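Below is one structure; the comments refer to it alone.
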Amino acid sequence: MNHLTHYWTADDAAIARAAAILRAGGLVAFPTETVYGLGANALDPTAVAGIYQAKGRPSNNPLIVHVNDDVSARSLAAAWPASAAALTAAFWPGPLTLVLPRSERVPDIVTGGGPTVALRSPAHPVARALIEVAGMPIAAPSANRSSELSPTRAEHVRAGLDGRIDAILDGGPTTAGIESTVVDLSGIVPRLLRPGPIPLAMLEALVGPFAMFDHSSGGPLPSPGMLERHYSPHTPLLCLESIDVEMLMGRNIGAIVPAPTGVSGVIERVIIPTPEAYAERLYDLLHELDGLGLDGIVAWMPPDRPEWLALRDRLRRASFGS
Ligand code: TXA
Ligand code: MG
């Protein structure tokens, strides 16, 4: 890999240049409302192969295709069930990804060779402008090296992928902060593959009960991205259901806490303890604390309640094996 990576503030001129790179088969990182994505022309298998190479991503882990509306989405799906119509009407554009039977237009490399395709219409104005100006669906995973933390700022993308991609569009920090909710609508019963910013209860209110993936069953993963260790900092992360002040004393650690602990020496970051506020800050804080050469990071694990499902999932994965 030996790219000169352009780093541009995401104004109209930069978006036009980035769109030209995508049309020429190149790789562009761009902001979405969840995390930054690493985009390529979803209909160009050679361009998409570059994503896997830049990230070091296993080729069996399929990509999300980003579109601006349900008309484009339907042209990439072989079926569009009533559940897809109801969920897209309510939540698109936004942080919701639908897995549906793929149409023949979608290259194998996008789907990992499987029979389904993941589709999302992002809400971020820069993502939408890029799709519009490039005039194509954009395949984009999170813009990080495989198994590392997702980027919520352009600087995070640069730290991980500089020299490996063609351009980074800087649109400031993302707001939802964690990756989209992923729902599989290809079977008889909808299934939650990845909890995210849109709570399960809001989805179920529209299309009825979901099947959940049971991590303990030991069966094949419905989505390769469900690998336990994922989205991790390099520094060991320990999640605590309650923060024990004694435990923090005298250690070279960082702490993400819902209220100040006052323990001297601990690098403390206080978050507002609501699901939205914690999600917005979580990866940013993990990136920051990960860069400080600490022996460990402790983070407040929110209560085991439905509104915290996605945050608990990300914290658990980020700490797995630590
Ligand atoms: O918020 C997001 O979803 C961000 C932004 C850039 O849109 N993207 C993102 O992509 O998080 P990625 O590749 O990091 O995660 C996509 C997840 C993975 O767990 C992948 O395995 C799963 O979606 N996935 C993609 N296509 C699938 C398919 N056809 N069937 C099942 N799972 C799929
Ligand atoms: Mg990812």
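Position in the sequence shown (first residue = 1) + 6 = the working numbering. Note that beta-carbon positions come from the ideal geometry of N, C-alpha and C, so glycine has one too. As the structure is a prediction and not an experimental result, all values here were calculated from the model.
Between R287, G302, E294, which lies nearest to M253 when the distance is taken from Cα to Cα? Numbered from 1 along the sequence shown, position 247 holds the residue referred to as residue 253. The shortest Cα separation from M253 among R287, G302, E294 belongs to G302.
Residues near D296 in its chain [Cβ-Cβ closer than 6 Å; skip 5 each side]: For the purposes of this step, residue 296 is identified with residue 290 of the sequence shown, where counting begins at 1. So the qualifying residues of the chain are P239, H240, T241.
Where I259 sits in the DSSP three-state scheme: Position 253 of the sequence shown, counted from the first residue, corresponds to residue 259. Strand, per DSSP.
Tell me whether V77 is buried or exposed, calling it buried when 16 or more other Cβ atoms sit within 10 Å of its Cβ. On the sequence shown, residue 77 is found 71 positions in, with the first residue counted as 1. Answer is exposed; the Cβ neighbour count stays below 16.
Can you list, in chain order, the stretches of the alpha helix (DSSP H) that have 4 or more residues and sit fully within the segment 9-52? 18-29
Check whether the Cβ of H162 lies closer than 7 Å to any Cβ atom in chain C. This model lacks chain C altogether; it includes just one protein chain.
From the DSSP output, read off the bridge partner residues of I273. Counting from 1 along the sequence shown, the entry for residue 273 is found at position 267. Looking at the DSSP assignment, I273 forms a beta bridge with G260.
Quick one: what's P107 bridged to in DSSP? Mapped onto the sequence shown, residue 107 falls at position 101. DSSP lists T122 as partners of P107.
Under 7 Å between C-beta atoms of T94 and V188: Indexing the sequence shown from 1 puts residue 94 at position 88. Indexing the sequence shown from 1 puts residue 188 at position 182. It is not a contact, given that the beta carbons lie outside the stated cut-off.
Are L136 and I259 touching if we call contact CB-CB under 7 Å? The residue labelled residue 136 in the question sits at position 130 within the sequence shown. The residue labelled residue 259 in the question sits at position 253 within the sequence shown. Taking 7 Å as the Cβ cut-off, L136 and I259 do not qualify as a contacting pair.
Say yes only if the C-beta of T132 is nearer than 6 Å to one or more non-hydrogen atoms of the ligand TXA, and no if none qualify. Counting from 1 along the sequence shown, the entry for residue 132 is found at position 126. Going by the sequence as given, residue 132 is Val instead of Thr. Because no heavy atom of the ligand TXA lies under 6 Å away, the Cβ of V132 does not count as near it: no.
Given a cut-off of 7 Å, decide if P281 and W306 are closer than it, judged by their beta-carbon atoms. The count along the sequence shown starts at 1 and reaches residue 306 at position 300. The count along the sequence shown starts at 1 and reaches residue 281 at position 275. No, the pair does not count as a contact, with Cβ atoms beyond the cut-off.
DSSP three-state call for T94: helix, strand or coil? Counted from its first residue, the sequence shown places residue 94 at position 88. In this structure, T94 counts as helix in the three-state DSSP scheme.
Proximity below 7 Å, CB of V213 to CB of V116: Stepping through the sequence shown from its first residue, residue 213 is reached at position 207. Stepping through the sequence shown from its first residue, residue 116 is reached at position 110. Taking 7 Å as the Cβ cut-off, V213 and V116 do not qualify as a contacting pair.
Report buried or exposed for G224, applying the criterion of at least 16 other Cβ atoms within 10 angstroms of its Cβ. Residue mapping note: residue 224 aligns to position 218 of the sequence shown, counting from 1. Any answer about G224 is weak, because its pLDDT of 49 lies below 50 and its placement is not dependable; what the coordinates show is given next. Counting Cβ neighbours within 10 Å, G224 comes out exposed, since fewer than 16 surround it.
Measuring alpha carbon to alpha carbon, tell me which of P107, R170, L317 ends up nearest I194. The residue given as residue 194 occupies position 188 in the sequence shown. Measuring from the Cα of I194, the nearest candidate turns out to be P107.
Could you give the DSSP three-state label for S81: helix, strand or coil? Looking up residue 81 in the sequence shown gives position 75. Helix at S81.
E154, DSSP secondary structure in three states: Numbered from 1 along the sequence shown, position 148 holds the residue referred to as residue 154. Three-state DSSP puts E154 in a strand.
C-beta atoms of G169 and E286 nearer than 7 Å: Walking along the sequence shown from the start, residue 169 turns up at place 163. Walking along the sequence shown from the start, residue 286 turns up at place 280. In this structure, E286 does not lie closer than 7 Å to G169 by Cβ.
Measure the C-alpha to C-alpha separation of S205 and P312 and round it to an integer number of angstroms. As a first step, residue 205 must be located in the sequence shown, where it is residue number 199. As a first step, residue 312 must be located in the sequence shown, where it is residue number 306. Here residue 205 is Pro; the residue named in the question, Ser, does not match the sequence. Their Cα atoms are separated by approximately 8 Å.
Nearest-residue set for the ligand MG, Cβ under 6 Å from any heavy atom: P147, S148, S156
Tell me whether V251 is buried or exposed, calling it buried when 16 or more other Cβ atoms sit within 10 Å of its Cβ. Within the sequence shown, the letter at position 245 stands for residue 251. So V251 counts as exposed.
N-terminal and C-terminal residue of the alpha helix (DSSP H) that T117 is part of: The residue you call residue 117 lines up with position 111 of the sequence shown. That run of the alpha helix (DSSP H) goes 114-117.
Same chain, Cβ closer than 6 Å to Y284, five either side skipped, listed in chain order: Translated into the one-based positions of the sequence shown, residue 284 becomes position 278. For Y284, where only same-chain residues beyond five positions count, the Cβ hits under 6 Å are I277, L317.
So, with DSSP's three-state summary, where would you put G224? Indexing the sequence shown from 1 puts residue 224 at position 218. Per-residue confidence for G224 stands at a pLDDT of 49, beneath the threshold of 50, marking its modelled position as unreliable; no derived number is given.
Specify whether the segment 146-162 and the segment 79-91 touch according to this definition: at least 3 beta carbon pairs, one from each stretch, less than 8 Å apart. no
Quick one: residues in its chain with C-beta nearer than 6 Å to the C-beta of V112, no 5 flanking neighbours on either side, listed in chain order? Position 106 of the sequence shown, counted from the start, is the residue given in the question as residue 112. Result list for V112: L82, V123, in chain order.
Quick check: does the Cβ of G193 come within less than 6 Å of any heavy atom belonging to the ligand ZN? As far as ligands go, the structure on display features the ligand TXA and the ligand MG and does not contain the ligand ZN.
Is the Cβ-Cβ distance between L44 and I57 less than 7 Å? On the sequence shown, position 38 is the one that residue 44 refers to. On the sequence shown, position 51 is the one that residue 57 refers to. For L44 and I57, yes; Cβs fall inside 7 Å.
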